[in-house]
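Under my numbering, the first residue of the sequence shown is numbered 23, with each subsequent residue one higher. Note that the Cβ used here is the ideal one computed from N, Cα and C, for glycine as well. A quick note: this is a predicted structure, and the numbers were derived from the prediction, not measured. Take a look at the structure set out below.
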Amino acid sequence: MLAGGRTFVGVNVENASYPMSMCAERNAIAAAIAAEERVIDAIAVVGGSAEPAPPCGGCRQVLWEVGSQAIVVSELPEGARRRWTIQELLPDAFDRTALGER
23 MLAGGRTFVG
33 VNVENASYPM
43 SMCAERNAIA
53 AAIAAEERVI
63 DAIAVVGGSA
73 EPAPPCGGCR
83 QVLWEVGSQA
93 IVVSELPEGA
103 RRRWTIQELL
113 PDAFDRTALG
123 ER
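This is how it looks when you write it as structure tokens:
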């Protein structure tokens with residue numbers, strides 16, 4: 023993940039209780055926030071599925087809140103690649119305005 027010109031890395035942390043697992047994207051975001059970055063510029067997702075996969079819904083929501091202008095790139099080790107904006111992945115996102123905040 024790229025934030026403030028710096029690269030942050032995250033990994034999936036799996037758990038037998040699936041809701042307790044943490045996605046690599048959210049772990050990378052947490053690392054950036056811990057380093058006092060508050061805006062995500064881009065995130066890369068690397069996986070082993072048949073096609074490049076976008077982040078899950080939960081990660082999309084977190085990305086929206088810290089990187090509503092972010093570019094999301096998903097690539098397979100063999101080289102297949104897809105690219106989206108976070109707005110394309112999460113249209114009509116729930117954000118502060120839905121809570122009456124600015």
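DSSP three-state assignment for residue i, whether helix, strand or coil
i, result
"Glu97", "strand"
"Ala64", "strand"
"Ala112", "Looking at the sequence shown, residue 112 is not Ala but Leu. Residue state, collapsed to three classes: coil."
"Ala25", "strand"
"Arg104", "strand"
"Val84", "helix"
Cβ neighbours of residue i in the same chain (closer than 8 angstroms, five flanking residues each side left out)
i, result
"Pro41", "none"
"Val67", "Ala46, Glu47, Pro74, Ala75, Pro76, Pro77, Val94, Val95, Ser96, Glu97"
Cβ neighbours of residue i in the same chain (closer than 7 angstroms, five flanking residues each side left out)
i, result
"Ala81", "Residue identity differs from the one stated: residue 81 is Cys in this sequence, not Ala. For Cys81, where only same-chain residues beyond five positions count, the Cβ hits under 7 angstroms are Cys45, Glu47, Arg48."
"Arg60", "Val88"
Residue i burial status per 10 Å Cβ neighbour count (16 or more: buried)
i, result
"Ala38", "exposed"
"Ala25", "buried"
"Ala54", "buried"
"Ala102", "exposed"
Proximity below 7 angstroms, CB of residue i to CB of residue j
i, j, result
"Ile108", "Ala120", "no"
"Val94", "Ile65", "yes"
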